[in-house]
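Numbering follows numbering that gives the first Met the number 0, with no gaps: position 184 of the sequence shown is 183.
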Amino acid sequence: MSAVVNDIIKIMDGIAPRELAESWDNAGFLIGRRDNAVKKIMVALDVSPEVVQQAVAQKVDMLVTHHPPIFKPLKAICDSSWQSALLLKCIENGIAVYSAHTSLDSVLGGVNDVLAEKLGLQNVTTLVNGCEDGGSLGRVGTLPQKMEFDAFAAMVKRVLGLEFVTGISAGKVVHKVALCGGAGIDFVAEALEHGADTYVTGDIKYHEAQNAVFSGLNLIDATHQGTELPVVTVLADKIALRLAAAGLGAQVLTAHETLLFKQY
Ligand SMILES: [Zn+2]
Numbered sequence: 000m001s002a003v004v005n006d007i008i009k010i011m012d013g014i015a016p017r018e019l020a021e022s023w024d025n026a027g028f029l030i031g032r033r034d035n036a037v038k039k040i041m042v043a044l045d046v047s048p049e050v051v052q053q054a055v056a057q058k059v060d061m062l063v064t065h066h067p068p069i070f071k072p073l074k075a076i077c078d079s080s081w082q083s084a085l086l087l088k089c090i091e092n093g094i095a096v097y098s099a100h101t102s103l104d105s106v107l108g109g110v111n112d113v114l115a116e117k118l119g120l121q122n123v124t125t126l127v128n129g130c131e132d133g134g135s136l137g138r139v140g141t142l143p144q145k146m147e148f149d150a151f152a153a154m155v156k157r158v159l160g161l162e163f164v165t166g167i168s169a170g171k172v173v174h175k176v177a178l179c180g181g182a183g184i185d186f187v188a189e190a191l192e193h194g195a196d197t198y199v200t201g202d203i204k205y206h207e208a209q210n211a212v213f214s215g216l217n218l219i220d221a222t223h224q225g226t227e228l229p230v231v232t233v234l235a236d237k238i239a240l241r242l243a244a245a246g247l248g249a250q251v252l253t254a255h256e257t258l259l260f261k262q263y
C-alpha cells in the first residue's frame, strides 16, 4: 500500500507525541496536503538550503525535521528572505514538511536519550521533570568509570563525530553527567540539584558559562547542531520500521548535513 502525508503525520505522532511539545513550540505538520502520496521521505535536523537542495534533487515528497522552519508568524512566503524562499521551494516542489522539535527532545528514545546513549551514560533519568504539558527535557546519567575532564571532552568529540568541542573544567573529575541537546544552559540549577559534576549542551554564552563553572559544574559545549544530529538516523530508522509494520511502501532517506561551525 502506498503512503500519504497523513500516514507519516500519524507515525510521527506515535514516535514523538505532540502533547509532549512545549507550549511555545511550533511543531507538527507545517507544509503540505494530507492526502498527497509519499514515496520518499527525507529526515533531517534542519530545513536548510543544503537539505532542501537534496530533497528537490532526490524528488522527496516529505521532509521530516527536528527544527520547525516556521516559528514566528509569517508575513509573506516569497523569496525576500532565505527562510521563506526555502518554504516556497518546498511548496513549489510538492514537498510536505513535518517537524517534531521539543516533543522529540522530551520523548523516550528522542534527542536526549540518543545523546545519553552516545556518551555511554548509565542509570539515565530526566534532568527537568514536568516541563509544560508533561515534557521532560534533558537527561542525567553516570559514566561506567570516572574520567578526567580532558579525556571526557575528547570522548564527546569522538562519539559525536565533531571536529571540535569547547569546554571549561571546574576542576571536577567526570562521573555524573547532565546533558541537554541543543541550547540547554538554562538548566544549570537542575544539573547541580541532580549532583552532576559535568554538563554537556550547546549554544553556551560567556556569562552563562561563568555561572555554571563558578557553581562547580564542568561544561562541554558540543554545539547545538552536534548534540542534536545523532537523532536523525535514529528517527529515520523508527519511521522506516513503523512504515513496514503498517504495510506502507515509502523510502526513508537521511539528509547529509554539514557542520555549520568550523574551527580555524
Ligand atoms: Zn535544537
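Ideal Cβ positions, reconstructed from N, Cα and C, are used throughout, including at glycine.
Is the closest heavy atom of ligand 1 to the C-beta of H66 under 7 Å?
Counting from 1 along the sequence shown, the entry for residue 66 is found at position 67. Yes, the beta carbon of H66 sits closer than 7 Å to at least one heavy atom of ligand 1.
Who are Q121's beta bridge partners in DSSP?
Stepping through the sequence shown from its first residue, residue 121 is reached at position 122. According to DSSP, which records beta bridges pairwise, Q121 is partnered with T141.
Assuming R17 contacts S102 (C-beta within less than 8 Å), just tell me the rounded distance between them.
Residue mapping note: residue 17 aligns to position 18 of the sequence shown, counting from 1. Residue mapping note: residue 102 aligns to position 103 of the sequence shown, counting from 1. Confirmed, Cβ separation roughly 6 Å.
In the structure shown, what three-state DSSP assignment does V46 receive?
Locating residue 46 in the sequence shown gives position 47, counting from the first residue. Here V46 sits in coil by DSSP.
Shorter than 7 Å, the distance from the beta carbon of E116 to the closest heavy atom of ligand 1, or not?
Residue mapping note: residue 116 aligns to position 117 of the sequence shown, counting from 1. No.
Tell me, please, which residues DSSP counts as bridged to K58.
The residue given as residue 58 occupies position 59 in the sequence shown. Its beta-bridge partners do not exist; DSSP assigns none.
Since V176 is in the beta strand (DSSP E), which residue starts that stretch and which ends it?
Stepping through the sequence shown from its first residue, residue 176 is reached at position 177. V176 -> beta strand (DSSP E) spans V173 to A182.
Cutting at 8 Å between CB atoms, please list the residues of its own chain near C77, excluding the five before and the five after it.
Taking the first residue of the sequence shown as position 1, residue 77 is located at position 78. Excluding positions up to five away in sequence, the list reads S83, A84 and L87.
Let me check you understand the geometry: is the CB of G181 closer than 7 Å to at least one non-hydrogen atom of ligand 1?
Sequence index remark: in the sequence shown, residue 181 carries index 182 (1-based). The answer is yes for G181.
Taking 7 Å as the cut-off, is the CB of E264 close to at least one heavy atom of ligand 1?
Because the chain here runs from 0 to 263, residue 264 falls outside it and cannot be looked at.
Check G170 in the structure and name its three-state DSSP category.
Reading the sequence shown from its first residue, position 171 is the one you call residue 170. Coil at G170, not helix or strand.
Extract the residue ranges of the alpha helix (DSSP H) inside the segment 202-242, only unbroken runs of 4 or more that lie entirely within it.
205-213 and 223-227
Do you know offhand how far S80's Cα is from V173's?
To locate residue 80, count along the sequence shown from 1; it is residue 81. To locate residue 173, count along the sequence shown from 1; it is residue 174. S80 and V173: Cα-Cα distance of roughly 44 Å.
Is V123 closer than 8 Å to R138 when the C-beta atoms are compared?
Working through the sequence shown from its first residue, we reach residue 138 at position 139. Working through the sequence shown from its first residue, we reach residue 123 at position 124. Between R138 and V123, the C-beta spacing is below 8 Å.
Can you grab the Cα-Cα spacing for the pair V46 / A244, in whole Å?
Taking the first residue of the sequence shown as 1, we reach residue 46 at position 47. Taking the first residue of the sequence shown as 1, we reach residue 244 at position 245. The alpha-carbon atoms of V46 and A244 are separated by roughly 28 Å.
Going by the DSSP bridge assignment, what does K39 pair with across the sheet?
Within the sequence shown, residue 39 is the residue found at index 40, counting from 1. K39 is bridged to Q250.
For K264, which residues of its own chain have a beta-carbon under 8 Å away from its beta-carbon, when the five flanking residues on both sides are left out?
For the chain, the structure presents residues 0 to 263; residue 264 sits outside this window and is missing.
What do you get for G246, buried or exposed, if any count of 16 or more other CB atoms within 10 angstroms of its CB means buried?
As a position in the sequence shown, residue 246 is number 247, starting the count at 1. Label assigned to G246: exposed.
Anyone know if the C-beta pair for A43 and E256 falls short of 8 Å?
For the purposes of this step, residue 43 is taken as residue 44 along the sequence shown, with counting starting at 1. For the purposes of this step, residue 256 is taken as residue 257 along the sequence shown, with counting starting at 1. Yes, these two residues count as a Cβ contact at 8 Å.
Can you grab the Cα-Cα spacing for the pair L228 / A190, in whole Å?
Against the sequence shown, residue 228 aligns to sequence position 229. Against the sequence shown, residue 190 aligns to sequence position 191. Rounded to the nearest angstrom, the two C-alpha atoms are 22 Å apart.
Whole angstroms is fine: what's the gap from D24's alpha carbon to L114's?
Residue mapping note: residue 24 aligns to position 25 of the sequence shown, counting from 1. Residue mapping note: residue 114 aligns to position 115 of the sequence shown, counting from 1. Each residue's alpha carbon lies about 21 Å from the other.
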